[in-house]
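Residue numbers for the sequence shown follow our numbering, beginning at 2 and rising by one.
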Amino acid sequence: MGSRLRILVVDDIEANRSLITRFVSTLGHETVCATNGREAVDACRERLPDVVLMDVMMPVMDGYAAATEIRALCGTRWLPIIFLSAKSSETEQLEGLDIGDDYLTKPVSLAMLRAKIGVMRRIADMQAHLADNAASLAAYHDNNEQEQQFTRHILDHIVGYSDCLTGPLKRWIKPARHLSGDVVAQACSPTGTLHALIADSTGHGLAAAISVVPAIDTFYTMTRRGYDIGSIVREINSKLHGLLPANRFVAAAAVSIDRYRQQIEVWNGGIPTVMFVNADRNVAYEWPSRHPPLGILSDAEFDPSLERWQWSEQGEMLLCSDGLIEAENAACEPFGRARLLDAIARDSGDDSFAAVVDAITAHLGGRDNHDDLSLAAIACTGALHQPCNDSHPSIETPQFNASNWSLHLHFGVAEIREQAVQPLLTRWLNQLSLGATEFGELLLILNELCTNAVDHGLLRLDSALKQHPEGYELFHRERLQRLAQLPQGAIDVQFSQFIEGGKRLLQIRITDSGKGFEHARHTARGGQTSELPHGRGIALVSRLATSLRYAGCGNEAIVDYALQD
């Protein structure tokens, strides 16, 4: 409302109208007149004034009835109505105030009328300011909603926020706001190994969601290129450490599931629940958090070591963020570990994943969660998992065609201790022009033969240890100890491409500086899978390669692999 107001003066007595009109005009305002309530309503229907000065007792339509109809015309706009009446009793004034905004008794004090008009103008100005703010907030809210929907659409294609309640990996995410800082991702490596990542960024909403994008992008890219899960979490940590401010980090657990060997590898940095649940709904194994969250430590300080375990009976991996454990019910009681284990063990006809979702939903009881909640389950069966044909990205490198070439790589004790041999070989393999199947199979061959060269050739580990109930864990612990204390050693890898019988072959020679190992009992099986918890790798290599043979004292493995023309 501006300084000059448009004021409607309503009175059936001409002298009263004239007095009020002249006075209002001296105040610098515009006036419009009506002789009864009906005329006042018609004038407001044509154009709403800024203030109405309304007599009460008038012919055709009195002031109270007119005020009621004018209010209906205004909708959400506030129009101040001041009654001017000879009725002076308290009851009559209260009735007028119930309909209008103020009440002055006749004869009207012009000084009081000027003050009342001033008050109404200030109130109207404040109302208009609030209305403008409300409109701005509504516009901001609409724009924010559109941006949130757009951002969610983009992030959903990058990190996959959508719930997935069926399949090998099931996930359920309940954001505290529109966007979640919790994500669950899965990807299949070229070797057929399933990788999974659950990540929980500090904070909520857009900032938290953006924080996990580099982690997920790195996870997908490196998995498709064949890197192991330890190398992947190290690279994610390096990126987040460089990108995020000091008060931001990402709690995460990265999982590698090799169904061929029935082996699980886990890196856990800040995730409260990573467990293997067997078919009897018992927790058969659990991986506690042994590392700080991602993004806190520098690359030099970061520890990418994994904890390995081998399952003997099928079950599923179950992972959840701390938001699920800490979710409170109406009594401010957290869901907690006890309720989680109770839900897992409950024989309700559903699997443990569905039982936990039902339990946490019932616990919340319709209340909003104050932190993002996420839950993931990954089926672990004994089925063989073959290389994924669509996992390897196309790489623009020169085609070698039928040319002959050779490449020799030497790895010393420093690379072996740091477990950097296989990641470095994966990087070199990515430079070759290989099809998806070729890449996956060759990566399997390299991984298996390099593992044998380290474990048996250099560290002198005995795989028979794995036959004991706790053997796999003992084997892994002994491996880490011997690896850290390895005084010397080397591994040489030579790639050679040549033509034989009109076919293009790739030959791989892996030689270690150790004393060799007893390979005959494994190669004698001719590619048949071992029923023991060890020796399956050599059988797999024999099946994938054109030929596999050993030289020297067993410390040199030679593989011929037929490449596609």
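Beta carbons are placed, not taken as given, at the ideal position from N, Cα and C, and that holds for glycine.
Which stretch, first to last residue, makes up the beta strand (DSSP E) that contains residue i?
i	result
Trp268	Gln264 to Gly270
Gln486	Per DSSP, Gln486 belongs to no beta strand (DSSP E) and is neither H nor E.
Gly27	Strictly speaking, residue 27 in this sequence is Thr, with Gly absent from that position. Premise fails: Thr27 lies in the alpha helix (DSSP H), Glu15 to Thr27, not in any beta strand (DSSP E).
Ser543	Looking at the DSSP string, Ser543 is not in any beta strand (DSSP E); the run it does join, the alpha helix (DSSP H), is Arg537 to Leu545.
Glu308	Glu308 to Gln311
Gln420	No beta strand (DSSP E) holds Gln420; DSSP gives it neither H nor E.
Asp513	Lys504 to Asp513
Phe84	Ile82 to Ser86
His292	Taken as a continuous stretch (DSSP letters only), His292 belongs to no beta strand (DSSP E), as it is neither H nor E.
Kindly list the residues whose CB is nearer than 6 Å to the CB of residue i, restricted to its own chain and excluding five residues on each side of it in sequence; keep chain order.
i	result
Val10	Arg18, Ile21, Thr22, Thr32, Cys34 and Leu54
Leu273	Reading off the sequence, residue 273 comes out as Pro, not Leu. Around Pro273: Asp323 and Ile326.
Ala378	Lys171, Glu317, Leu319 and Phe354
Arg338	none
Arg7	Glu31, Pro50 and Asp51
Gly490	Val414, Ile417, Leu459 and Ser514
Gln187	Leu170 and Ala197
Cys451	Val422 and Gln423
Helix, strand or coil for residue i per DSSP?
i	result
Ile559	strand
Lys240	helix
Phe401	At Phe401 the pLDDT is 43, less than 50, meaning the model places this residue with poor confidence and gives no usable figure here.
Gly55	It should be pointed out that residue 55 corresponds to Met in this sequence rather than to Gly. Three-state result, Met55: strand.
Asp359	helix
Ile8	strand
Leu376	strand
Pro388	Its pLDDT being 44, under 50, Pro388 is placed unreliably by the model, and the measurement read from it follows with that caveat. Reduced to three states, the DSSP call for Pro388 is coil.
Tyr228	coil
Leu98	helix
Phe250	coil
Ser137	helix
Trp173	strand
Val414	helix
Val284	strand
Asn279	strand
Ser497	strand
Thr427	helix
Leu180	coil
Tyr473	helix
Would you mind working out which of the options sits nearest residue i, comparing C-alpha positions?
i	options	result
Ala129	Asp51, Ile8, Gly517 and Ala332	Asp51
Gly64	His30, Glu501, Ser26 and Asp103	Asp103
Cys189	Ala136, Asp259 and Asn144	Asp259
Gly227	Arg544, Glu308 and Leu444	Leu444
Ile237	Pro488, Ser212, His457 and Ile500	Ser212
Ala41	Arg78, Glu70 and Asp359	Glu70
Leu180	His205, Ala200, Gln508 and Leu198	His205
Glu471	Leu244, Glu557, Arg480 and Gln311	Gln311
Gly441	Leu541, Ala208, Val284 and Leu459	Leu541
Glu439	Tyr562, Gly555, Gln489 and Ser89	Tyr562
Arg5	Ser548, Asp133, Ile14 and Val25	Val25
Arg183	Leu376, Asp300, Leu298 and Ala331	The question names Arg, but residue 183 in the sequence shown is Asp. Of the listed residues, the one whose Cα sits closest to Asp183 is Leu376.
Leu549	Gly515, Glu519, Leu365 and Arg510	Arg510
Leu195	Val256, Trp429, Leu447 and Ala112	Val256
Arg291	Val284, Glu302 and Gly270	Gly270
Arg428	Leu342, Tyr286, Gln498 and Asp229	Asp229
Leu408	Asp56, Gly436, Ala112 and Leu507	Leu507
Leu245	Val275, Leu198, Pro294 and Phe220	Pro294
Leu374	Ala177, Gln147 and Leu98	Ala177
Gly296	Ala140, Ala252 and Glu287	Ala252
Leu341	Leu447, Thr362 and Trp406	Thr362
Asp300	Trp173, Lys504 and Glu419	Glu419
Thr192	Ala132, Leu430 and Gly555	Leu430
Val587	Ala16, Phe303, Glu308 and Ala485	Because the chain spans 2 through 566 in this model, residue 587 falls outside it and cannot be assessed.
Gly76	Cys321, Arg46, Tyr141 and Pro488	Arg46
Gln486	Arg461, Asn144 and Asp201	Arg461
From which residue to which residue does the alpha helix (DSSP H) around residue i run?
i	result
Leu435	First-last for Leu435: undefined, no H or E at that position.
Glu70	Gly64 to Cys75
Phe220	Gly206 to Arg225
Cys45	Gly38 to Glu47
To which residues of the same chain is residue i closer than 7 Å at the C-beta, ignoring the five residues directly before and after it?
i	result
Lys107	Leu85, Ser86 and Ala87
Ala552	Ile559
Leu564	Glu439, Arg505, Leu506 and Leu507
For residue i, collect the residues of the same chain with a Cβ closer than 8 Å to its Cβ; drop the 5 residues on either side in sequence, then sort them by chain order.
i	result
Met223	Ser232, Ile233 and Glu236
Cys381	Ile258, Arg260, Gln263, Ile265, Phe277, Trp312, Gln315, Gly316, Glu317 and Met318
Thr219	Ile233, Glu236, Ile237 and Lys240
Leu545	Glu442, Leu445, Ile446 and Tyr562
Does any residue of chain B have a CB that is nearer than 8 Å to the CB of residue i?
i	result
Cys34	The chain labelled as chain B is not found in the depicted structure, where only one protein chain is given.
### Task
Entirely within the segment 313–348 and at least 4 residues each: give me those alpha helix (DSSP H) ranges in chain order.
The segment 313–348 contains these whole alpha helix (DSSP H) runs: 323–327 and 337–346.
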